[in-house]
Structure formats: C-alpha cells, structure tokens
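Right, one structure below, let's go through it.
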Amino acid sequence: QVQLVQSGGGLVQPGGSLSLSCTASGIMFSSYKMAWYRQAPGLERELVAYISTSNSPWYGDSPGRGRFTVARDNTKNTAYLHMYRMKPEDTAVYYCKAEYGPTSYWGQGTQVTVSS
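Dropping the structure here:
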C-alpha cells in the first residue's frame, strides 16, 4: 500500500519560515520525482517546485522561486519544502506528489496560513 504522509504546516507570520515534509512508503522512493503543489481557496492547484531523482530542483516561474527550497533525503524516503520570507498569498493547502512515468501518488495535503 502506497502512502505519502505529510507533516509540518500551520500558522506563520508574514516574513516567517515554515517547512513541510512528505514521507513515502510502499514505493521505491529514489525512483520518483517529488513535487510540491498548492491550492488556495477558489483557485486551481498549482505547481510550486519539484526535485528530480538526480536531486535537481525546479522552481520555474512559481511564486516561491527565490523563497522556497525543495529537497529530498532518499535514506529517509522523505521530501521537503522549506519556505522563507513567506507572504499572505502563500496561504494554501500544500500537497506533495510522487511521480514515476504515468504513475503518481498524492499526499493528504496540509494547510499553511500566513497571517499576522
């Protein structure tokens, strides 16, 4: 049985930092690209970042570029999203996703709220 269990998240003040974790079981973690998405109320789910199987990060033109860092630890089957200098517009439910070709699995999602 495949599981992606997320932890972290919560309430943070503007300008603060927060880290999310996503621990996988039931898959060969090192073979999967790990991605982070977020979905704010009333908006579509958007890609925030991903890290390849060769440990290369991608941020593209995502809102977190320059403020977020994606990482992975294959010895712990865990992916991370470290968020810095957070803004109220970062408020969303954040999801991790494991991808291998056409196969993908999602984490349960975790709420992140940036507010004073």
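At position 91 of the sequence shown the residue is numbered 1021 (my numbering), and the sequence of numbers has no breaks.
By construction, the Cβ of each residue, glycine as well, lies at the ideal position given by its N, Cα and C atoms.
Through-space distance from residue j to residue i, alpha-carbon basis
i: residue 981; j: residue 970; result: 22 Å
i: residue 1023; j: residue 1033; result: 22 Å
i: residue 961; j: residue 994; result: 25 Å
i: residue 946; j: residue 1021; result: 12 Å
Beta carbon of residue i nearer than 7 Å to that of residue j
i: residue 953; j: residue 942; result: no
i: residue 1026; j: residue 966; result: yes
i: residue 1011; j: residue 950; result: yes
Other residues of its chain near residue i: CB distance less than 6 Å, five sequence neighbours each side excluded
i: residue 1001; result: 1010
Beta-bridge partners of residue i, as assigned by DSSP
i: residue 1042; result: 940, 1022
i: residue 904; result: Residue 904 lies beyond the stretch modelled for the chain, which goes from 931 to 1046, so this question has no answer here.
Runs of beta strand (DSSP E) wholly within the region 968-1005 (minimum 3 residues, chain order): You should have 976-981, 998-1003.
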